[in-house]
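Per this note's numbering, the very first residue in the sequence shown carries number 140; after that it's consecutive.
Shown next, in structure tokens, is the structure this report addresses.
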Amino acid sequence: MVKIRLSRGGAKGRPFYHIVVTDQRNKRDGRSIENVGFYNPVASGKDKRLELNVARVQEWIGKGAQLTDKVASLLKEAGKQQAA
């Protein structure tokens, strides 16, 4: 099954996540099919907190990809940002 989930990067104490489309059997930070955005939970100042290609995510959902709970909440947040 294809999942859209977070892949961790960044330094110790400063997490940075890529939002990736991957097979659920792959490791968290392993091989991915496509990178569709990023999430920076410790962003401050002019740093972007969230960037997500909503059109590509919707396309993958149409093909049967499943979202993790956190990515679903980030998708909802990104939709609100685009509407504003």
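For each residue, glycine too, the CB sits at the ideal point set by N, CA and C.
{"Query": "Tell me whether A194 is buried or exposed, calling it buried when 16 or more other Cβ atoms sit within 10 Å of its Cβ.", "Result": "exposed"}
{"Query": "Note down, in chain order, each residue of its chain lying with its Cβ closer than 8 angstroms to the Cβ of E216, except the 5 sequence neighbours on either side.", "Result": "L189"}
{"Query": "Apply the 10 Å Cβ neighbour rule to R144 and answer buried if 16 or more other Cβ atoms are within range, or exposed otherwise.", "Result": "buried"}
{"Query": "Taking the straight line between their C-alpha atoms, what separation do you get for L213 and Q163?", "Result": "19 angstroms"}
{"Query": "Over what stretch of residues does the beta strand (DSSP E) that includes R147 continue unbroken?", "Result": "V141 to A150"}
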